[in-house]
Amino acid sequence: MTEVLGLYNYWVFAVVLALGLYTAAAAPNLVKKLMGLSIFQSAVFLLYITMDKVEGGTAPILRAGVGEQIYSNPLPQVLILTAIVVGISTLALGLAIVVRIKEEYGTIEEENIRDMDQS
Amino acid sequence: MILTVLGFLLLTLLVIVTGAIVRTANLFAAVVLLSLFSLLMAANFFLLDAADVALTEAAVGAGISTVLMLAALALTAETEKTASRLKWVAAGTVTALTLVLLYATLSIPRMGDPSAPVHQHVAPWYLQNTPHLIDIPNVVSAILASFRGYDTLGEVFVVFTAGIGVLFMLGMRRFPAGKRRIPPPQTLGLKHHLVPRTVGTFILPFIILFGLYVQFHGEHGPGGGFQAGAIMAAAFILYALLEGERRALDIVPPRVLMLLLASGAFLYGAVGVMCMLLGGNFLDYNVLAADPVAGQHLGIMLVELGVGVSVTGVLLSIYHAFAKREPA
Numbered sequence: 010m011t012e013v014l015g016l017y018n019y020w021v022f023a024v025v026l027a028l029g030l031y032t033a034a035a036a037p038n039l040v041k042k043l044m045g046l047s048i049f050q051s052a053v054f055l056l057y058i059t060m061d062k063v064e065g066g067t068a069p070i071l072r073a074g075v076g077e078q079i080y081s082n083p084l085p086q087v088l089i090l091t092a093i094v095v096g097i098s099t100l101a102l103g104l105a106i107v108v109r110i111k112e113e114y115g116t117i118e119e120e121n122i123r124d125m126d127q128s
Numbered sequence: 065m066i067l068t069v070l071g072f073l074l075l076t077l078l079v080i081v082t083g084a085i086v087r088t089a090n091l092f093a094a095v096v097l098l099s100l101f102s103l104l105m106a107a108n109f110f111l112l113d114a115a116d117v118a119l120t121e122a123a124v125g126a127g128i129s130t131v132l133m134l135a136a137l138a139l140t141a142e143t144e145k146t147a148s149r150l151k152w153v154a155a156g157t158v159t160a161l162t163l164v165l166l167y168a169t170l171s172i173p174r175m176g177d178p179s180a181p182v183h184q185h186v187a188p189w190y191l192q193n194t195p196h197l198i199d200i201p202n203v204v205s206a207i208l209a210s211f212r213g214y215d216t217l218g219e220v221f222v223v224f225t226a227g228i229g230v231l232f233m234l235g236m237r238r239f240p241a242g243k244r245r246i247p248p249p250q251t252l253g254l255k256h257h258l259v260p261r262t263v264g265t266f267i268l269p270f271i272i273l274f275g276l277y278v279q280f281h282g283e284h285g286p287g288g289g290f291q292a293g294a295i296m297a298a299a300f301i302l303y304a305l306l307e308g309e310r311r312a313l314d315i316v317p318p319r320v321l322m323l324l325l326a327s328g329a330f331l332y333g334a335v336g337v338m339c340m341l342l343g344g345n346f347l348d349y350n351v352l353a354a355d356p357v358a359g360q361h362l363g364i365m366l367v368e369l370g371v372g373v374s375v376t377g378v379l380l381s382i383y384h385a386f387a388k389r390e391p392a
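Heads up: the protein sequence lines correspond to chains G and L, in order. Residue numbering for the first sequence follows this note's numbering, beginning at 10 and increasing consecutively. Residue numbering for the second sequence follows this note's numbering, beginning at 65 and increasing consecutively.
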């Protein structure tokens, strides 16, 4: 039981990562592709934050006079904290490109855009 | 134990929601589900002791990202036109990758194992030395702003660059003065909806107050510039949704947005240069005051302020760039 619970986060990471990657690769719609990338990215965040957990630990905010308190690892948290904000900025850049594509081509479906480029 | 079971349930829900996002052809539904996905993710982060990250994910993922996605949908399309067929090559590759990843998980340390390699490297050093080198309780803020200040400076410039990119792509033009009698619907806001408007107006000051608290209390509790920036931007976006673009841009005009966008990143860099002028290394806050620890406090406060201002400016400019554009 503990064996399964100890690995469940990683399995969820693998499945969510796969679903995100598949959407990014296979979805015909450009906005949907960006959603796939966003999910892919969140799966990686989950992997990092799962690694920071220490059994019996608490959030790494030090308190004086508590004695021997275990704290979870602060380093992955710092990496992911900044990555989330960078993620939204790059997602916005992607959406801006999609909006411009819609204005030029009149569609955001990958196949229609390809047909228009070839004709 | 109860928390472990709760985490198990939340993660299962996360997988179900992800599946629903992938399957639905209605992009509007997918955006709403993506917001739910972020909220579940934030709850999981909180259970995994990452309070700062949970706060950021809730504000950015469930809040601002949803609004940006909806703004983009308003300018493009709300449903997928071509039916999405199962693509065998992609599905096969992704399945193979998943199997490899699942196989790999069998030999990694179990979650929470204190002897895992990740907990043996520099992390114990940060936890032990933060009290006497920097003397702030939140180790996450200490690492973010001081120990690894270079990385954060880099991230702020990436956010800044992405913001500039969106503005180049979509522009930040003024409203055509007097050209249009009837304003387009997106400039009207929710004026005609009584309940959202009343509730929104009521909670708006509290959101701003909370944003300021998160900004300036970030050294002592969960919080800091990134979270505060996202919360402040969310507050102003809410105002724009309630009162319409025109009123919102009267209060924070594009000129001010540009200033915020640039001055935050500039403040961060300037603190680094100031340290050099005072004889230290770049971003070495010890030299900022007579006492090294007081210098660290001052440096972290200024740097976090720079981050907060820049993030607010970028996110708000991005929102306005989308919201002001008229559908093609």
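All residues carry an ideal CB built from backbone N, CA and C; glycine is no exception. Bear in mind the structure is a predicted one, so any value in this text is a computation, not a measurement.
Below 8 Å on C-beta distance, what does G:Arg72 contact in chain L?
Taking a Cβ-Cβ threshold of 8 Å, the residues of chain L close to G:Arg72 are Pro201, in chain order.
In the DSSP assignment, what are the bridge partners of G:Tyr80? DSSP lists G:Thr67 as partners of G:Tyr80.
Are the C-beta atoms of L:Pro317 and some chain G residue less than 7 Å apart? Interface flag for L:Pro317 against chain G is unset, since no Cβ pair is found closer than 7 Å.
query: How would you call L:Phe270, buried or exposed, if buried means at least 16 neighbouring beta carbons within 10 angstroms?
result: Exposed: under 16 other Cβ atoms inside 10 Å.
- Who does G:Gly121 pair with in a DSSP beta bridge? According to the sequence displayed, residue 121 of chain G carries Asn and not Gly. The partner list for G:Asn121 (beta bridge, DSSP) is empty, contrary to what the question assumes.
Can you check whether the CB of L:Gly288 is closer than 7 Å to the CB of L:Thr376?
Not in contact: L:Thr376 and L:Gly288 (Cβ atoms no closer than 7 Å).
Name, in chain order, the residues that DSSP records as bridge partners for L:Gly176. Answer is G:Val63.
Using a Cβ-Cβ cutoff of less than 6 Å, which residues in the same chain neighbour L:Pro201 once the five nearest sequence positions on both sides are dropped?
Once the five neighbours on either side are set aside, the close Cβ partners of L:Pro201 are His284.
Along the alpha helix (DSSP H) that carries L:Glu144, what are the first and last residues, could you check?
-> Looking at the DSSP string, L:Glu144 is not in any alpha helix (DSSP H), and its letter there is neither H nor E.
Q) Using the rule of at least 16 other Cβ atoms within 10 Å of the residue's Cβ for burial, across every protein chain shown, is G:Ser128 buried or exposed? A) Exposed, by the Cβ-count rule.
L:Gln291 - containing alpha helix (DSSP H), residue span: Its alpha helix (DSSP H) spans residues Gly289 to Glu307.
Could you pull out every residue in the same chain whose Cβ sits closer than 7 Å to the Cβ of L:Val203, ignoring the five residues on either side in sequence? Counting only Cβ-Cβ distances below 7 Å, and skipping sequence neighbours, we find Tyr190, Leu191 and Thr194.
request  = Starting from L:Gly130, follow the alpha helix (DSSP H) in both directions and report where the run begins and ends.
outcome  = The question names Gly, but residue 130 of chain L is Thr in the sequence shown. Note, L:Thr130: alpha helix (DSSP H), Ser129 to Leu139.
Report the neighbours of L:Ala432 on chain G: residues whose CB is nearer than 7 Å to its CB, in chain order.
Residue 432 of chain L falls outside the range modelled here, since chain L spans only 65 to 392, and no answer is possible.
Where does L:Pro391 fall in DSSP's three states? In the structure shown, L:Pro391 sits in coil (DSSP, three-state: anything other than H, G, I, E or B).
Let me see if you follow: with CB-CB separation under 7 Å, is G:Glu64 close to chain L or not? Judged by the 7 Å Cβ criterion, G:Glu64 is in contact with chain L.
Sorted by chain position, which residues of the same chain lie with C-beta nearer than 7 Å to L:Ala180's C-beta, five sequence neighbours on each side aside?
If you ignore the 5 residues before and after L:Ala180, its C-beta comes within less than 7 Å of the C-beta of Pro173, all in its own chain and listed in chain order.
For the alpha helix (DSSP H) that contains L:Phe72, what are its first and last residues? The continuous alpha helix (DSSP H) containing L:Phe72 extends over residues Ile66 to Arg87.
Closer than 9 Å between beta carbons: that is the criterion. Which residues of the region 37-52 of chain G meet it against chain L? Listed in sequence order: Pro37, Asn38, Leu39, Val40, Lys41, Leu43, Met44, Gly45, Ser47, Ile48, Ser51 and Ala52.
- To which residues does DSSP link L:Asn90 through a beta bridge? Within the DSSP bridge table, the entry for L:Asn90 names L:Thr143 as partners.
Would you report the Cα separation of L:Val158 and L:Leu379, rounded to the nearest angstrom? Within the model, the alpha-carbon separation for L:Val158 versus L:Leu379 is close to 33 Å.
**Request:** Can you pull the chain L residues whose beta carbon is under 9 Å from the beta carbon of G:Met125, in chain order?
**Result:** Under the 9 Å cutoff, chain L gives no residues; its nearest Cβ is about 14 Å from G:Met125.
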